[in-house]
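One structure below.
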Amino acid sequence: MIKKILIIISTFILILYLSFYGDIFDFNFNQGQISSIKFIFKSYLIVSSVCFITGELTKNYSQIDKVWSLVPIFVVWYFTLSSNFNPRMILMSVLVTIWGLRLTYNFSRRGGYSIYFWKGEEDYRWKEVRKSISLFRSNLNWSLFNLLFICFYQMGLIFLFSLPILAAWQGSENAINYSDYIISFLMLLFIITETIADQQQYNFQSEKYRRLRNGENLEGMYKDGFISNGLWAYSRHPNFASEQLIWITFYMFSVSATGLILNWSIIGCVLLVILFFNSAKFSEEISSKKYSKYADYQKSVPMFLGIVKKK
Numbered sequence: 012m013i014k015k016i017l018i019i020i021s022t023f024i025l026i027l028y029l030s031f032y033g034d035i036f037d038f039n040f041n042q043g044q045i046s047s048i049k050f051i052f053k054s055y056l057i058v059s060s061v062c063f064i065t066g067e068l069t070k071n072y073s074q075i076d077k078v079w080s081l082v083p084i085f086v087v088w089y090f091t092l093s094s095n096f097n098p099r100m101i102l103m104s105v106l107v108t109i110w111g112l113r114l115t116y117n118f119s120r121r122g123g124y125s126i127y128f129w130k131g132e133e134d135y136r137w138k139e140v141r142k143s144i145s146l147f148r149s150n151l152n153w154s155l156f157n158l159l160f161i162c163f164y165q166m167g168l169i170f171l172f173s174l175p176i177l178a179a180w181q182g183s184e185n186a187i188n189y190s191d192y193i194i195s196f197l198m199l200l201f202i203i204t205e206t207i208a209d210q211q212q213y214n215f216q217s218e219k220y221r222r223l224r225n226g227e228n229l230e231g232m233y234k235d236g237f238i239s240n241g242l243w244a245y246s247r248h249p250n251f252a253s254e255q256l257i258w259i260t261f262y263m264f265s266v267s268a269t270g271l272i273l274n275w276s277i278i279g280c281v282l283l284v285i286l287f288f289n290s291a292k293f294s295e296e297i298s299s300k301k302y303s304k305y306a307d308y309q310k311s312v313p314m315f316l317g318i319v320k321k322k
């Protein structure tokens, strides 16, 4: 796990260096864009700090999860307002709002929020991380991990994968065109597939725990312990796959605006893909220990996208 974290952070630093000092990507921010970036950066520092302090005081280390779906909405609309409502940026902001409200609802119904904002569901994986890595059994080391990775790195990632809207602002002299509508359709499609995947998972978990509460016999998937039908018969993490595709597609708006297939705002979706890959691998390590048939599921169904093998 430590190796994975180091790879993620090293990749982050490398891409930042190449973006800002390697002259690979073109930065030509005007004064209005620079002012907006400064405000967004201050917001990043404030929100990250609040999440860190709240997590340390309450010992609930999923504070970032509470704002994961909300911060991008704030970021994109702030840039859109600052641009005097560029049409392409309005379209991008509407799509991010649809994504964010949907994800917020899904997180809320799973117990993610509470009337006491510091409470709510905590990601079970953080306890597993701390338990499995002896280095993190020290309170100081865990607090540093919470500060640097859970809060500041992940919050930075949230801001970064939202930044294609800033690149779109840079290319605002290029009018919205048919490619933007194709991109919009694809992004909506991936939001829909993520919605379906989350709903299938929610239905499965609700029914599984209903049967357990009522002392009913568990059969089929419910006996296996994990969902393997619907979209989950084609991908072990269809919601994760959709989430990555949503933000890769969002990046394509910057390509449409700037005419550059590779531009500086790609950093966010690249780091997101790396994070989700490692997060899914760690989750599956836990699932393999809990469910005896999970290894067979791994052999027959791809992690994200790919060819489904015949059983």
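Heads up, the sequence shown is in this note's numbering, so the first residue is 12 and it goes up one at a time.
Virtual Cβ for every residue (Gly too), placed ideally from N, Cα, C.
Between the beta-carbon of Phe287 and that of Phe251 there is about 5 angstroms, and that keeps the pair under the 8 angstroms contact cut. Judged by DSSP in its simplified three-state form, Tyr164 adopts helix. For Ser125, there is no enclosing alpha helix (DSSP H), as DSSP marks it with neither H nor E. Take the alpha-carbon of Gln309 and the one of Val281: they are about 24 angstroms apart. With fewer than 16 other beta carbons inside 10 angstroms of its own, Ser311 counts as exposed. Assignment of alpha helix (DSSP H) within the region 42 to 101, counting only whole runs of 4 or more residues, yields 42 to 69, 74 to 78, 82 to 93 in chain order.
Excluding five sequence positions before and after Asn71, the CB atoms of its chain that fall closer than 6 angstroms to its own CB belong to Glu133, given in chain order. The C-beta separation of Tyr302 from Asp235 comes to about 6 angstroms, placing the pair in contact by the 8 angstroms criterion. When C-beta atoms of the region 169 to 182 are compared with those of the region 261 to 281, three or more pairs fall below 8 angstroms, so the two segments count as touching. Contact check for Ser246 against Pro313 passes: the beta carbons are separated by less than 8 angstroms. According to the DSSP assignment, Lys219 belongs to the alpha helix (DSSP H) that extends over 189 to 224.
Per DSSP, the unbroken alpha helix (DSSP H) holding Phe287 starts and ends at 278 to 301. When the Cα atoms are used, Ile51 and Val86 turn out to be separated by approximately 7 angstroms.
Straight through space, the alpha carbons of Val82 and Ser265 are spaced by roughly 19 angstroms. The beta carbon of Phe156 lies closer than 7 angstroms to those of Phe147 in the same chain, with the five residues before and after it left out. Between Leu177 and Gln74, the gap from beta carbon to beta carbon reaches 8 angstroms or more. Secondary structure of Gly111 (DSSP, three-state): helix. Asn152 carries a helical assignment under DSSP once its states are collapsed to helix, strand and coil. Restricting attention to Ile257, Thr206, Arg141, the CA atom closest to the CA of Pro175 is found in Ile257.
The three-state secondary structure of Arg247, taken from DSSP, is coil.
With respect to the 8 angstroms criterion, Tyr305 and Phe201 are not classified as neighbours on the basis of their beta carbons. Closest option to Gly279, judged by alpha-carbon separation, among Ser298, Gln255, Lys292: Gln255.
Put simply, the backbone Cα of Pro98 is about 49 angstroms away from that of Ile144. The C-beta distance from Ser80 to Thr115 rounds to 5 angstroms, short enough to meet the 8 angstroms contact threshold. Put simply, the backbone Cα of Asn214 is about 13 angstroms away from that of Trp243.
Close CB contacts of Trp88 within its chain, under the 7 angstroms cut and outside five residues either way in sequence, are with Ser104 (chain order).
One thing to note: Leu229 has its Cβ no nearer than 8 angstroms to the Cβ of Arg221. In the three-state reduction of the DSSP assignment, Asn240 falls in the coil class, being assigned neither a helical nor a strand state. Closest in alpha carbon position to Phe128, among Leu171, Thr69, Ser93, Gly167, is Thr69. Note that the C-beta distance between Met166 and Val284 is not below 8 angstroms.
Per DSSP, Ala179 is one residue of the alpha helix (DSSP H) stretching across 175 to 181.
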